[in-house]
Amino acid sequence: MKEDLMDIICCPVDKHELELDVEERDDEEIMEGTLTCTECGEVYPIEDGIPNLLPPDMREEAPA
Amino acid sequence: MSVSEEFDRWAREGRDEGMEQRHWHTAKHALARIPVEAGDTVLDLGCGSGYAGRALRETKDAARSYGLDASPQMARNAREHTDDADSAYLVGDFEHLPFEADSVDHCWSMEAFFYARDPGAVLDELVRVLRPGGTFYCAVNYWEESVHSHVWDERVDVPMVRWSEREYRERFRAAGFRVAAQDRIPDRETDIPPASEFPTDEWESREAMVERYREHGTLLTVGVVP
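Structural data, given as C-alpha cells:
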C-alpha cells in the first residue's frame, strides 16, 4: 500500500483513525507493517503490501 | 464456510480469471456508464481479480482505485495483476468498511453484493463512505426475476441473498440512496450453441439459455447519495 491510503482508511469497527507502523518499505510502497486504531487499540496487519482490515473476529490466519 | 474461505479457495484454483472473463460481457457496459471524473476515488466492492478498478483507472483517469475483498488470496492475486501504485487492494468486510465518511466518489460491485450476511448494513456503510452525489453501481447475475440463476446457491458453499428488482430499489431507498436507474444488461457474447446440441450439461433447452443470457443478463441498480 502507498502511504496516501492513510488519508481515507479508518478502523472498520469504530471508524477512528489508524496509526501506521512500517516494518518494510519498497520504494513508495509499504510492504510489511501494522495499522493500530487510536481509539480501541486493535492492530491490523499489512502483509505483502496489502492491509487486512477485516474486523478481528472475522480475521483468519492467512494460508501460507 | 465463510465468504473469505470460499473465495480463498477459488482464488488458489485460479477461478478469479474465469469470473473476470464471464463478468466482462456485461460489466464493461455498466462500467462505461459510471460518471467517474479525472481525479475521483473509486471503490470496487468484492474486487476479485481486480479488473474493474484497473479499467476505471485506465479509461476514466480515476486518481485512485481501491479494491476490497474478503479473501486475502483474491487481494494478493489482484495485486499481482498490476504495477500501478494507484490501484490498491485491501482485505475487508462489506459490512464494516474501513473508510472514512465522505471519502469515496463512486463504488462498483459485480456479483458480490449478495454474499453479504446483512446487505442492508452494506448499503448503510456505502451511504456513509460515499460523498454527496456519489454513486453505487450494483451489478448482479443472481436475483429473483432471473429464474435460471436460482440454482447457483447450491453450487457455492456460502449463503446468497436473492432480492427481487423491487427489493433492490426499496432497500436502496431505505438506506438513504435515491435510485437513479435500474435495468437488465443482456449478455450478447456468451456463446449459445444450436438447438440440436441441447440438452447440454448445464442447460435443458436453448430457450432457457437464451433467456438467461440474452434477456436476463445482469441486473444493474444505481443508487445516488443525496
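Protein sequence lines correspond, in order, to chains A and B. Just so you know, we're using the working numbering here: the first sequence kicks off at 3 and counts up by one. Just so you know, we're using the working numbering here: the second sequence kicks off at 11 and counts up by one. In this text, a Cβ means the ideal position worked out from N, Cα and C, and glycines have one as well.
- Per DSSP, the unbroken beta strand (DSSP E) holding A:ASP23 starts and ends at 20-28.
- Take the alpha-carbon of B:ARG141 and the one of B:GLY186: they are about 13 angstroms apart.
- With a beta-carbon spacing of about 5 angstroms, B:VAL150 and B:LEU229 fall inside the 8 angstroms limit used to define contacts.
- Closest by C-alpha distance to B:TYR147, out of B:THR92, B:VAL220, B:GLY63, is B:GLY63.
- Interface residue (Cβ-Cβ distance to chain B less than 8 angstroms): A:GLY35 is not classified as such.
- Remark: C-beta atoms of B:ALA205 and B:ARG216 approach each other more closely than 8 angstroms.
- Taking 9 angstroms as the upper bound on Cβ-Cβ separation, chain A lies near residues ALA95, ASP96, ALA98, TYR99, LEU100, VAL101, GLY102, ASP103, GLU105, HIS106, LEU107, PRO108, PHE109, GLU110, ALA111, SER113, VAL114 of the segment 90-122 of chain B.
- The beta strand (DSSP E) runs lying completely inside the segment 118-205 of chain B and spanning 3 residues or more are 140-150, 188-195, given in chain order.
- One finds LEU56, MET60 in chain A with Cβ atoms closer than 9 angstroms to the Cβ of B:ALA80, taken in chain order.
- Between B:SER113 and B:THR51 a beta carbon distance of about 7 angstroms is seen, short of the 8 angstroms cut, so the two are scored as contacting.
- Of all alpha-carbon atoms in A:ARG61, A:ASP16, A:ASP59, A:PRO53, the one lying nearest the alpha-carbon of A:ILE32 is that of A:PRO53.
- The shortest CA-to-CA distance from B:HIS35 to any of B:GLU177, B:ALA190, B:GLY227, B:ALA85 is the one to B:GLY227.
- Note that the C-beta distance between B:GLY144 and B:HIS116 is below 8 angstroms.
- Listed in chain order, the positions of the segment 154-186 of chain B with a beta carbon within less than 9 angstroms of a beta carbon of chain A would be empty, since no residue qualifies.
- Scanning its chain for C-beta atoms nearer than 6 angstroms, with the 5 sequence neighbours on each side dropped, one finds around B:ALA72 the residues VAL46, ASP50, VAL52, LEU66, in chain order.
- Within the same chain, no Cβ atom closer than 7 angstroms to the Cβ of B:VAL157 is found once the five residues on either side in sequence are excluded.
- Within the segment 5-25 of chain A, the residues whose Cβ lies closer than 9 angstroms to any Cβ of chain B are, in chain order, ASP6, LEU7, ASP9, ILE10, ILE11, CYS12, CYS13, PRO14, VAL15, LYS17, GLU19, LEU20.
- Rounded to whole angstroms, the gap between the alpha carbons of B:ARG176 and B:GLY58 is 27 angstroms.
- Per DSSP, reduced to three states, the secondary structure at B:ARG222 is helical.
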